[in-house]
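**Student:** Just so you know, numbering that gives the first Met the number 0 puts 37 at position 38 of the sequence shown, and the rest follows in order with no gaps.
Even for Gly, the Cβ is constructed at its ideal location relative to N, Cα and C.
These numbers come from a predicted model, not from an experiment.
Sending over a structure as structure tokens; questions will come in a sec.
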Amino acid sequence: MYDHTLKVQANDTTLVHLFNNYYFNEIGIPTTQSSFLKIFHYRKNNYTSFKDFKEIQQFYSKRILHIVGVQYFFIKQPFTFYFNNLYGLNDQLYDNEIGVLFEYNRVFLNSTLKNQLTSRFGEYVYDTLSFNLQNHYKYSSPMFSLGFKGQKIDFEIHTKKKTPDLKRRYNQNGLSINTGQTGSEFKSKVRYKVGDFSLWSKFYLHMDSTDVPFLWEQKKIGELTAIDDTLSYFVTGIGKNKHQIEIGSGHWKGKIWIGQLFPSPFTSVWPILAGTKYYLDSNSRFDFKSILYSYQKQFSNYESKINCRIINLSGSLFAEQWAILFPFITIINDVGKINIKKMDIIESEIIIEKVFSKSFHLQTWINLLLPINIEIEDGAKDPSIPPDPIIPKEKQGDLDVTGGIRFGLSMKYYLK
Numbered sequence: 000m001y002d003h004t005l006k007v008q009a010n011d012t013t014l015v016h017l018f019n020n021y022y023f024n025e026i027g028i029p030t031t032q033s034s035f036l037k038i039f040h041y042r043k044n045n046y047t048s049f050k051d052f053k054e055i056q057q058f059y060s061k062r063i064l065h066i067v068g069v070q071y072f073f074i075k076q077p078f079t080f081y082f083n084n085l086y087g088l089n090d091q092l093y094d095n096e097i098g099v100l101f102e103y104n105r106v107f108l109n110s111t112l113k114n115q116l117t118s119r120f121g122e123y124v125y126d127t128l129s130f131n132l133q134n135h136y137k138y139s140s141p142m143f144s145l146g147f148k149g150q151k152i153d154f155e156i157h158t159k160k161k162t163p164d165l166k167r168r169y170n171q172n173g174l175s176i177n178t179g180q181t182g183s184e185f186k187s188k189v190r191y192k193v194g195d196f197s198l199w200s201k202f203y204l205h206m207d208s209t210d211v212p213f214l215w216e217q218k219k220i221g222e223l224t225a226i227d228d229t230l231s232y233f234v235t236g237i238g239k240n241k242h243q244i245e246i247g248s249g250h251w252k253g254k255i256w257i258g259q260l261f262p263s264p265f266t267s268v269w270p271i272l273a274g275t276k277y278y279l280d281s282n283s284r285f286d287f288k289s290i291l292y293s294y295q296k297q298f299s300n301y302e303s304k305i306n307c308r309i310i311n312l313s314g315s316l317f318a319e320q321w322a323i324l325f326p327f328i329t330i331i332n333d334v335g336k337i338n339i340k341k342m343d344i345i346e347s348e349i350i351i352e353k354v355f356s357k358s359f360h361l362q363t364w365i366n367l368l369l370p371i372n373i374e375i376e377d378g379a380k381d382p383s384i385p386p387d388p389i390i391p392k393e394k395q396g397d398l399d400v401t402g403g404i405r406f407g408l409s410m411k412y413y414l415k
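Written as structure tokens, this is what we have:
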């Protein structure tokens with residue numbers, strides 16, 4: 000899979016570059032008539048780079064991950080027991096999941112416990128200052144599902160609870176951030192069938208809150224608090240044979256607060272912060288609406304599927320920062336607000352699977368993301384004052400923006 004997320008260039012200088020690709024190998028082995036084992040390995044390449052022309056600051060992160068894993072299923076009616084284990088060979092990463100599924104008379108219950116640790120490393124460079132940035136994300140999560148599958152009606156509900164690991168992981172070479180949300184998740188789906196028609200609705204709610212310490216080498220220099228991070232949406236749809244249409248709407252809001260940060264490690268870059276305590280208050284909200292059309296066609300030796308989604312997004316971003324020098328002298332007090340009046344996004348996906356034989360299948364897919372009709376304004380400034388350019392005029396030149404495309408190819412071979 001290749002994901003060309005975003006690349007921004009000006010005068011042959013790359014300002015933003017985000018991409019990743021990976022390949023995946025999997026083999027499945029039926030161990031007995033009632034059990035199945037999967038062994039897999041995948042390599043993932045990920046690259047992130049940001050450069051600021053004004054400050055000549057740069058952050059970049061390059062990762063090559065080798066991940067191995069095993070899955071095991073054991074069926075003894077009406078129970079199915081399973082576990083899934085992922086482990087990073089060259090990084091701090093693991094993902095363990097164990098669960099049991101109960102099915103009886105079209106009713107199913109599923110209970111799962113998941114433990115996960117992921118990490119991210121990067122380098123920040125400014126003139127003579129350079130330090131390493133690490134982010135660790137670790138949590139445990141019990142999940143529960145309940146549902147019913149009938150001839151005319153199906154329904155299912157899922158709940159999830161996140162509990163973070165609060166152990167501090169220091170970085171001897173710079174800054175460390177330990178993220179791990181405390182939150183909950185709920186989703187439900189109901190489907191009703193009438194002849195060739197199918198009607199359904201979906202609901203999703205995700206709520207998080209977290210305290211994130213900023214650790215510099217062996218000491219804590221500040222803390223970030225995500226007071227409110229809530230995402231919700233509702234979707235309703237109708238389908239007949241090969242055609243499906245979904246209409247949905249949702250809302251996201253978030254509030255972040257840095258109550259006190261001692262910026263002493265960074266005063267060589269921002270000398271105005273020397274001897275101060277830094278604070279940040281930010282909040283944002285977004286409303287979105289979407290419509291999805293899906294078409295699926297199956298022939299004797301291949302299958303195709305086309306998805307086309309239109310998303311309308313609007314909202315705002317607000318942030319206020321200030322730095323206070325003893326005794327209560329305000330050195331910095333900036334307010335920023337961005338209003339996104341309208342942003343329309345077209346997303347399309349095409350999937351084609353070719354069946355060469357009972358033993359060999361080939362699937363390819365492509366996903367395109369195209370923003371259109373964008374209206375964004377600076378809500379904190381006088382509209383009569385032109386905004387400061389992100390790129391200085393003398394360095395603007397030809398601006399080239401690419402991205403928003405993903406491509407994948409998979410091959411399946413079934414042993415006899």
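1. Only counting runs of 3 or more residues, tell me where the beta strand (DSSP E) segments fall wholly within the segment 299-384, in order along the chain.
2. When DSSP labels each residue in this structure, what does Val-7 get in the three-state scheme?
3. Whole angstroms are fine: how far does the CA of Thr-235 sit from the CA of Asn-109?
4. For Asn-332, tell me which candidate among Gln-320, Glu-245, Leu-324, Asp-343 has the shortest Cα-Cα distance.
5. If you draw a straight line from the C-alpha of Ile-323 to the C-alpha of Asp-280, how long is it?
6. Excluding the five sequence neighbours on either side, which residues of its own chain have a C-beta within less than 8 Å of the C-beta of Lys-340, listed in chain order?
7. Who pairs with Gly-182 in a beta bridge, going by DSSP?
8. Is it the case that the segment 110-121 contacts the segment 132-143, given that we only count it when at least three CB pairs across the two stretches are under 8 Å?
9. What did DSSP end up calling Ile-389 once you bin it into helix, strand or coil?
10. Can you tell me whether Ser-263 is helix, strand or coil according to DSSP?
11. Given a cut-off of 8 Å on the beta-carbon distance, is the pair Ile-152 and Arg-105 in contact?
12. Closest to Gly-402 by C-alpha separation, out of Gln-362, Glu-346, Ser-197, would be which residue?
13. In chain order, what residues of the same chain have a beta carbon less than 7 Å from the beta carbon of Leu-368, not counting five sequence neighbours either side?
14. In this structure, how does DSSP classify Leu-272 when only helix, strand and coil are distinguished?
15. If you measure from the beta carbon of Lys-254 to each beta carbon in chain D, is any gap under 8 Å?
16. Apart from the five residues on each side of it in sequence, which residues of its chain come closer than 7 Å, Cβ to Cβ, to Leu-414?
17. Can you list, in chain order, the stretches of the beta strand (DSSP E) that have 3 or more residues and sit fully within the segment 66-131?
18. Sorted by chain position, which residues of the same chain lie with C-beta nearer than 7 Å to Asp-94's C-beta, five sequence neighbours on each side aside?
19. Using a Cβ-Cβ cut-off of 6 Å (strictly less than) and excluding sequence neighbours within five positions of Ile-290, which residues of its own chain qualify?
20. Could you give the first and the last residue of the continuous beta strand (DSSP E) run that contains Leu-17?
21. Check whether the segment 26-35 touches the segment 64-76, taking contact to mean three or more Cβ pairs, one atom from each stretch, closer than 8 Å.
22. Suppose you measure from the CA of Thr-31 to the CA of Tyr-22; what does that come to, to the nearest Å?
23. Could you compute how far the alpha carbon of Pro-212 sits from the alpha carbon of Lys-166?
24. Please name the residue, chosen from Gly-87, Thr-329, Val-268, that lies closest to Ser-118 on a Cα-to-Cα basis.
25. What does a CB cutoff of less than 7 Å around Gly-274 pick up in its chain, not counting 5 residues either side in sequence?
26. If we ignore side chains and look at the alpha-carbon of each, how far apart do Phe-154 and Tyr-294 end up?
27. Compare the Cα-Cα distances from His-65 to each of Thr-47, Asn-20, Phe-80, Phe-49 and report the closest residue.
28. Using only CA atoms, which one of Arg-168, His-205, Val-334 lies nearest to Thr-158?
29. Applying the 10 Å Cβ sphere with the 16-neighbour rule, what's the burial state of Val-334?
30. Taking only three categories from DSSP, how would you classify Met-0?
31. Which residues mark the beginning and the end of the beta strand (DSSP E) in which Tyr-169 is found?
32. What residues match up with Leu-279 in a beta bridge as DSSP calls it?
33. Where does Gln-133 sit, in a helix, a strand or coil, going by DSSP?
34. Going by other Cβ atoms of all chains shown within 10 Å of its Cβ, with 16 needed for buried, is Asn-170 buried or exposed?
35. What would DSSP say about Gly-146, mapped onto helix, strand or coil?
**Tutor:** Let me spell this out:
1. Within the segment 299-384, the complete beta strand (DSSP E) segments at least 3 residues long are 301-324, 328-354, 359-377, listed from N- to C-terminus.
2. DSSP places Val-7 within a strand segment (E or B) once states are collapsed to three.
3. Inter-residue distance for Asn-109 and Thr-235 is about 25 Å (C-alpha atoms, whole angstroms).
4. The residue from Gln-320, Glu-245, Leu-324, Asp-343 with its alpha-carbon nearest to that of Asn-332 is Gln-320.
5. Taking the straight line joining both Cα atoms gives about 14 Å.
6. Beyond the five residues adjoining it in sequence on each side, Lys-340 comes within less than 8 Å, by CB distance, of Ser-313, Glu-374, Ile-375, Glu-376 in the same chain, given in chain order.
7. Lys-161, Asp-207.
8. The way I'd put it, the segment 132-143 does touch the segment 110-121; three or more beta-carbon pairs between them come closer than 8 Å.
9. With a pLDDT of 49 at Ile-389, under the threshold of 50, the modelled position of that residue is not reliable, and the figure given next carries that caveat. DSSP places Ile-389 in the coil class of the three-state scheme, outside both helix and strand.
10. Residue state, collapsed to three classes: helix.
11. Ile-152 places its beta carbon 8 Å or farther from that of Arg-105.
12. Ranking Gln-362, Glu-346, Ser-197 by CA distance to the CA of Gly-402 puts Glu-346 first.
13. Contacts found: Ile-344, Glu-346, Gly-403.
14. When DSSP states are grouped into helix, strand and coil, Leu-272 belongs to the helix group.
15. No chain D is present in this structure, which holds just one protein chain.
16. So no residue of the chain qualifies.
17. Those beta strand (DSSP E) runs which fall completely within the segment 66-131 and span 3+ residues are 78-87, 93-103, 106-125.
18. Result list for Asp-94: Leu-85, Gln-115, in chain order.
19. In the same chain as Ile-290, and ignoring 5 residues on each side of it, the C-beta atoms closer than 6 Å to its own belong to Ile-246, Ile-309, in chain order.
20. Where Leu-17 is concerned, the enclosing beta strand (DSSP E) starts and stops at 12-31.
21. Taking 8 Å as the limit for Cβ pairs, the verdict is that the segment 64-76 does touch the segment 26-35.
22. About 29 Å.
23. Their backbone Cα atoms lie some 10 Å apart in a straight line.
24. A check of alpha carbon separations from Ser-118 across Gly-87, Thr-329, Val-268 identifies Gly-87 as the nearest.
25. The residues are Leu-324.
26. The C-alpha of Phe-154 lies about 23 Å from the C-alpha of Tyr-294.
27. Looking at Thr-47, Asn-20, Phe-80, Phe-49, the one whose alpha-carbon comes closest to that of His-65 is Asn-20.
28. When only C-alpha atoms are compared, the closest one is His-205.
29. Counting every other CB atom within 10 Å of its CB across the protein chains shown gives Val-334 a total below 16, marking it as exposed.
30. In the three-state DSSP reduction, Met-0 falls in the coil class, being neither helix nor strand.
31. In the DSSP assignment, Tyr-169 falls outside any beta strand (DSSP E) and carries neither an H nor an E.
32. DSSP output for Leu-279 lists Ile-257, Gln-320 as bridge partner(s).
33. Strand, per DSSP.
34. If you draw a 10 Å sphere on the C-beta of Asn-170, you find 16 or more other C-beta atoms in it, and that means buried.
35. Strand at Gly-146.
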